[in-house]
């Protein structure tokens, strides 16, 4: 089961997150998301647990819990949407009236 973990403190390590979740069961992986340019943590990550019931127990037990003075947001991860990002760069309309491919000149 893949679990979203939000509101992570900047200084938290993957090992610390693993320890928090390991009290509920076997942790398959921990991935703290970082900015691709600066390398700094973005404040959220994902934890994978092998057994769904253990993942659900971790969500119930850790959502709202304080970790280094920040309240965690923990819930089941949603699958990525088909359209990446918030914009539709490739579908932007060009300004002006449509001329059907004809040139003005």
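Residue numbers (the working numbering): 40 to 144. In this text, a Cβ means the ideal position worked out from N, Cα and C, and glycines have one as well. Note that this is a predicted model, so its numbers are computed, not measured.
Residue pairing from DSSP places residue 71 in a beta bridge opposite 84. The alpha-carbon of residue 103 is positioned some 21 Å away from that of residue 68. Taken through DSSP and simplified to helix, strand or coil, residue 44 comes out as strand. Remark: three or more beta-carbon pairs, one from each stretch, lie closer than 8 Å, so the segment 56 to 66 and the segment 83 to 100 are flagged as touching. Rounded to whole angstroms, the gap between the alpha carbons of residue 116 and residue 76 is 25 Å.
Boundaries for residue 115: no alpha helix (DSSP H) harbours it, while the beta strand (DSSP E) harbouring it runs 112 to 115, taken from the DSSP string. With fewer than 16 other Cβ atoms from the protein chains shown falling within 10 Å of its own Cβ, residue 99 counts as exposed.
Of the residues 43, 47, 40, the one whose Cα lies closest to the Cα of residue 109 is 47.
By the 16-neighbour rule on beta-carbons within 10 angstroms, residue 72 is exposed. One thing to note: residue 70 has its Cβ no nearer than 9 Å to the Cβ of residue 82.
Taking the Cβ atoms as the reference, residue 97 lies roughly 5 Å from residue 60, within the contact range of under 8 Å.
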